[in-house]
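Chains as they are written, first to last, in our numbering: chain A, 3 to 341; chain B, 15 to 422.
Ideal Cβ positions, reconstructed from N, Cα and C, are used throughout, including at glycine.
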């Protein structure tokens, strides 16, 4: 009897830590990061941190649709690009005759909303289909959008691109991206624990079963994609502002999607804390490898990533026992099942 | 449970590692006799080839300063030169990070620009923010100089001036009508916009303008459209492969403009070896050729520079390398003129600089572009690249009109 009570207590303690431990750590980390600029830091440290935040945000967004819902998005950069171009067009072009050029803060929500609208209109069609159709449709949309941007010369500057006002503020950028990252990762933490998040996992594990239980799978998938697209659009808009220059080739970069996927896989697909962890690890590895092996850094990085995928397909958190993690191979195998 | 404890450990580890890494490049303070320059230039990625040429150009100047010249003179002191290099991988994100690192962590005195106008755009926004002077030997996109930057200087003629000397020479030879085709990326777009302007200025009529996407595989639709218009001059703006496409496609369709002017391709010796006799009579704008008759105080004449480069690196200098050397040399001259390493003094000296180097005359306007240097024009004659314009450096007359494809 006594023994039983004890173990019950222990499980309670365990479940408390399991439920809140990650969040508490996360809030502590955010608190530390908010104070970080008050320690003696240089511009490059703020800038590097901002790039890590951006990677965390992008990967977390991708992970919401790719890892949690199980719909591999090969063209997620399209939302980044649309956000970046909306920012570029709105602050430099004044496309609407009656409206003046917008400021960063005015253009930002519009950039996110346009990315969201694009996601909804795409998902409306493709997310009804099961299997690999979504992945292929997204890849196609990505490539097509890049060409459309090239053709819409009066608006987008075509291949010559757009120059944004060169206003750089590393401290402001740091706090902005920190805030966006905090919102995104915290929302995903919340989603993971909500009924909505459980439904997403149910769709990933067994879509037909989820449907039988009364989950409106299309709506769930659509909402997940819309959230991911909105914040990716916001991040893209910020990137355009920070880089001060956009053209189709620097914005619609295939490697950006690859980075999102790689970061999520490294940390643990489908987990809340996987993408942040993956981003920090990947960025640190890149930095160390890059400063020490100038000539071979891409090779070394490639070998490392192959190694990780072969021996840790479920990512760092999956290896450590997080059960919401899934390996990419299992995701792809599900394509056959869904048919 | 296990995973919860591992997260902070891994995060801490990563932060510590990142921290250690950023402290490696501290320099000892007694190293005051050195000027540090920073350059983020592609070693990998799509500009790997041009990046290598650029580095070789910078290094040629550095070794010359340190070993032969005896260091840059600032007042009574001599300074050795050190260049801190990083690989920007051809990506703007990486370029931005590295330029920021060069300025804030490596504490370089001045910056040498990356290769390509696009990367220079990302890099120059950052150097502008910190007030750090950046010199480019090749960036040509006009939009670089319309942003009001005070710290970016490029010795290259702007892209819009590329076709000026060629079109001027052709109009003098009697050409009346022009068509333009260009790749839809920043540099060719600027070239085409310039060509429109110069054609108009020299009294030629523009019959049509067509653009095509990057990495195009077939231009025959454009060329057959142009054939119907029967123009005197065809202007093609693009990269090396596009130049080959234009010529092959024109020959196939038997489209015979009296002159073809194509960027990038013809000035490269590989162009002739690829298409042989068909390359004859084709014009190409060039920034720099070893046959140009310029002579500077340092490095001597153009051909003496070319010999020096050949001896050091075992290959002929492409214009990217010559530009890189000249860009670094210009910075050197400005520092000596200013007699100081203070950015404000050097910036002012840069603006006042009016010199002739092996690369050509250099005189920056207030936007930082070199207005003194004219573009050259070459024509391929009997399989040889011959400089035909501008007149003061030309080695021979241009041939106009060209003979038909069948007779070449």
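query: Reduced DSSP secondary structure (H/G/I, E/B, other) of residue 302(A); result: helix
query: DSSP-derived helix/strand/coil call for residue 287(B); result: helix
query: Supposed close pair residue 54(B), residue 109(B) - CB separation, criterion 8 Å; result: 5 Å
query: Cβ pair residue 419(B), residue 292(B) closer than 9 Å; result: yes
query: Residue range of the alpha helix (DSSP H) that includes residue 267(B); result: It is not in any alpha helix (DSSP H) - residue 267(B) carries neither H nor E in the DSSP assignment.
query: Between the CA atoms of residue 113(A) and residue 56(A) - distance to the nearest angstrom; result: 16 Å
query: Neighbourhood of residue 230(A) by C-beta distance below 6 Å, restricted to the same chain and skipping five residues each side; result: 63, 66 and 67
query: C-beta contact flag for residue 83(A) and residue 151(A) at 9 Å; result: yes
query: Identity of the residues DSSP links to residue 376(B) by a beta bridge; result: 369(B)
query: Reduced DSSP secondary structure (H/G/I, E/B, other) of residue 73(B); result: helix
query: Reference residue 290(B), options 314(B), 255(B) and 396(B), closest by Cα; result: 396(B)
query: CB contact flag (residue 357(B), residue 179(B), <9 Å); result: no
query: CB of residue 5(B) within 9 Å of CB of residue 153(B), strictly; result: The structure shown does not extend to residue 5(B), since chain B is modelled only from 15 through 422, so no value can be given for it.
query: Paired residues, beta bridge with residue 278(B) - DSSP; result: For residue 278(B), which the question treats as bridged, DSSP gives no partner whatsoever.
query: C-beta neighbour in chain A for residue 160(B), strict 9 Å; result: yes
query: Interface flag, residue 149(A) vs chain B, CB-CB below 9 Å; result: yes
query: Burial state of residue 110(A), where buried means 16 or more other Cβ atoms lie within 10 Å; result: buried
query: Cutoff 6 Å; reference residue 375(B); Cβ partners in own chain excluding five residues on either side; result: 386 and 387
query: Residue 342(A) versus residue 226(B) - alpha carbon distance; result: The question about residue 342(A) has no answer, for chain A in this structure spans 3 to 341.
query: Reference residue 91(B), options 78(B), 158(B) and 47(B), closest by Cα; result: 47(B)
query: Whether residue 280(A) touches residue 270(A) by CB criterion (9 Å); result: yes
query: Chain-ordered residues of the region 192-204 of chain B with a beta carbon less than 9 Å from chain A; result: 197, 198, 199, 200, 201, 202, 203 and 204
query: Beta carbon proximity, residue 163(B) to chain A, threshold 9 Å; result: yes
query: Contact between the region 162-173 of chain A and the region 196-214 of chain B (3+ Cβ pairs under 8 Å); result: yes
query: Inter-residue CB distance, residue 185(B) and residue 166(B) (contact presumed, cutoff 8 Å); result: Residue 185(B) to residue 166(B), Cβ: 33 Å. No contact.
query: Other residues of its chain near residue 313(B): CB distance less than 6 Å, five sequence neighbours each side excluded; result: 319 and 372
query: Beta-carbon contacts of residue 241(A) that lie in its chain and below 6 Å, excluding the five residues immediately before and after; result: 86
query: Beta-carbon proximity check, residue 76(A) vs residue 141(A), cutoff 9 Å; result: yes
query: Beta-carbon proximity of residue 392(B) to residue 271(B), cut-off 9 Å; result: no
query: Contact belief for residue 258(B) with residue 237(B) at Cβ below 8 Å, rounded distance in angstroms; result: The pair is not a contact, with the Cβ atoms about 13 Å apart (cut-off 8 Å).
query: Interface flag, residue 383(B) vs chain A, CB-CB below 9 Å; result: no
query: Closest residue to residue 238(A) among 202(A), 288(A) and 178(A) (Cα-Cα distance); result: 178(A)
query: Among 100(B), 126(B), 150(B) and 338(B), the one whose alpha carbon lies nearest that of residue 378(B); result: 150(B)
query: Three-state secondary structure assigned by DSSP to residue 95(A); result: coil
query: C-alpha gap between residue 235(B) and residue 222(B), whole angstroms; result: 13 Å
query: Beta carbon of residue 414(B) nearer than 9 Å to that of residue 273(B); result: yes
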